[in-house]
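A.B. asks: Numbering-wise (the working numbering), the sequence shown opens with residue 130 and increments by one.
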Amino acid sequence: MKLYNTLTRTIENFIPHNKNEVTLYTCGPTVYHFAHIGNMRNYISEDILEKSLNYLEYNVKRCMNITDVGHLTSDSDSGDDKMLKGAKREHTTVLDIAQKYTEAFKKDCEKLNIKWPDIVVPATSYISEYIKMTEKLLEKDYAYESNGNIYFDISKLNNYYSLINKNDEMVIGAREDVEKDENKKNQGDFVLWFTKSKFDDQELKWDSPFGTGYPGWHIECSAIAINNLGEYLDIHCGGVDNIFPHHTNEIAQSESYLGHKWCNYWFHTEHLNDKTGKMSKSKGDFLTVNSLIEKGYNPLVFRYMCLSSHYRKQLLFDFHNLDNMKDSYNKLLNKIKNIKDEGNIEEDKIKVYQDKFKEALENDLNTAQALTVLYDVLKSDLSGKSKLYLINDFDKVLSLDLLKEETIDNDLKIYIENKIKERNTAKQNKDYEKADQIREELQKHNIIIKDTREGTTFEIQK
Ligand code: AMP
Ligand code: ZN
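#1: Report buried or exposed for Lys390, applying the criterion of at least 16 other Cβ atoms within 10 angstroms of its Cβ.
#2: Could you tell me the alpha carbon to alpha carbon distance between Ile549 and Lys464, rounded to whole angstroms?
#3: Mind checking if Lys190 is an interface residue toward chain D, Cβ cutoff 7 angstroms exclusive?
#4: How many Å lie between Ala555 and Ile578 at the Cα?
#5: Could you tell me if the beta carbon of His162 falls within a distance shorter than 6 angstroms of some heavy atom in the ligand AMP?
#6: Do Leu444 and Ser438 count as a contact pair if the criterion is CB distance below 7 angstroms?
#7: Which class does Ile243 belong to by DSSP, given the choice of helix, strand or coil?
#8: Would you mind working out which of Leu241, Thr324, Ile260 and Ile355 sits nearest Gly342, comparing C-alpha positions?
#9: What first and last residue would you give for the beta strand (DSSP E) that runs through Pro428?
#10: From which residue to which residue does the beta strand (DSSP E) around Asp403 run?
#11: In chain order, what residues of the same chain have a beta carbon less than 7 angstroms from the beta carbon of Arg568, not counting five sequence neighbours either side?
#12: Is the segment 261–272 touching the segment 369–377 in the sense that three or more CB pairs, one from each, lie closer than 8 angstroms?
#13: Alpha carbon to alpha carbon, how far is Lys190 from Val300? Give it in angstroms, no decimals.
#14: When burial is assigned at 16 or more other CB atoms within 10 Å of the CB, is Trp245 buried or exposed?
#15: Check whether the segment 178–188 and the segment 518–531 touch, using three or more Cβ-Cβ pairs below 8 angstroms as the test.
#16: Ordered along the chain, which non-local residues of its own chain (more than five positions away) have a Cβ less than 6 angstroms from that of Ser254?
#17: Mind reading off the beta-carbon distance from Thr155 to Met193? Whole number of angstroms is fine, and I expect it under 8 angstroms.
#18: With distance defined between alpha-carbon atoms, name the residue in Lys514, Asp565, Leu241 and Asn450 nearest to Lys466.
#19: Using only the alpha-carbon positions, how far apart do Tyr361 and Leu286 sit?
#20: Going by alpha carbons, who is nearest to Phe281 out of Leu321, Glu258, Lys334 and Leu490?
#21: Just how far apart, CA to CA, sit His574 and Phe587?
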């Protein structure tokens, strides 16, 4: 399999440390709010990576953290505490916020057919491991104490910037959000453990040999990955905004701690943008999986949209584009529904298409090409039985519910039923204008309602 590796900036042959066993680490969400569909694009492409590896007969062991501590609103060691901000916004505790949005994220993954990783670790459950790593980094002289905080000293490494280009380094130097911190020896140093918190009302604090405080953001991923997947990691994933400083710092502290190279392949997904630029939680107004459902879209239309483009290209989101995707997706499902389960399984022919499908995935996860192979199968002279066999086989990776009887998901059903209830109430109140409006709104989403003696029924036109 060929994969683009951010570390070498080339497409490389992927060779795991251990024959067919692959260890995969994913930076999980910061659970202070709902995930937006930009975040979900990232998890869709990681899901495709995992399932493609499975399709190519690798066994994958995957681990993901949940950031419920270490939580700053900007990428540097500055800004506000995101979790605390979330708790204040909703007048509750940081732990409640973490629980609520972890559950919400899990549901979003289910709706998008994203497999939940084998091992999922909340950052707050590994505090003793961060302390252990920080102690060792101090002992090895890669870290220092300054005014109550423990910092990693980047001048101890001569390859600190290995994950980024020299040019990017210039950009980093000019970044406005890198706050001047008088405690640091080098401005690029980053915090391993805070005891002098900028936030007086910090809720979560732990005792440590360095004083009562809390961990820096980056240490959680290093400790969770090393403890669960071992000292040699095959693939580390995340969105491109994680390359610097997060992944750069993860490499610095992990390799200094271990004393050898840590991870061979760095896999980064480009951003989903809207007209105003990169979608981000801190912008406030962002689209979620649920907001797509409320607007009448099956979430898998969004998955289909992501698969239609390459993970290393920026993807521009707008509803016009989503509507086109919805049409193609529905047409695809319709074509599949019309295939009759008849004829023979034609093993040789099937193999030809499977090889083409593999080839697309092996080519740095060319999902658009993989979809083309699927369309080629539909157009081919294969028997209905062979076609259905292949569709089922490809859907192990694509996960578009291509053969599910009823692809309408629960939330869409709830949305429609609520609208029908609203319309019935309007009719009872003789507010016919409102009742018609609701009917038209549903019609816009190809949902046709009928009033029968047994009540109102609906049908989704494909
Ligand atoms: P966060 O919850 O902010 O820690 O982000 C979770 C994941 O989503 C990280 O891997 C980010 O790099 C990724 N991400 C954030 N914004 C976007 C975006 N607009 N498009 C794609 N991925 C994103
Ligand atoms: Zn991480």
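For each residue, glycine too, the CB sits at the ideal point set by N, CA and C.
C.D. replies: With the given structure in hand:
#1: exposed
#2: 30 angstroms
#3: No chain D is part of this structure, which consists of one protein chain only.
#4: 15 angstroms
#5: no
#6: yes
#7: coil
#8: Thr324
#9: Counting along the chain, Pro428 falls outside any beta strand (DSSP E), though it belongs to the alpha helix (DSSP H) covering Pro428 to Leu436.
#10: Leu401 to Asp403
#11: Arg552 and Ile578
#12: no
#13: Caution applies to Val300, whose pLDDT of 48 falls short of 50 and renders its modelled position unreliable; the value that the coordinates give is listed next. Their backbone Cα atoms lie some 36 angstroms apart in a straight line.
#14: exposed
#15: yes
#16: none
#17: 4 angstroms
#18: Lys514
#19: 20 angstroms
#20: Leu321
#21: 12 angstroms
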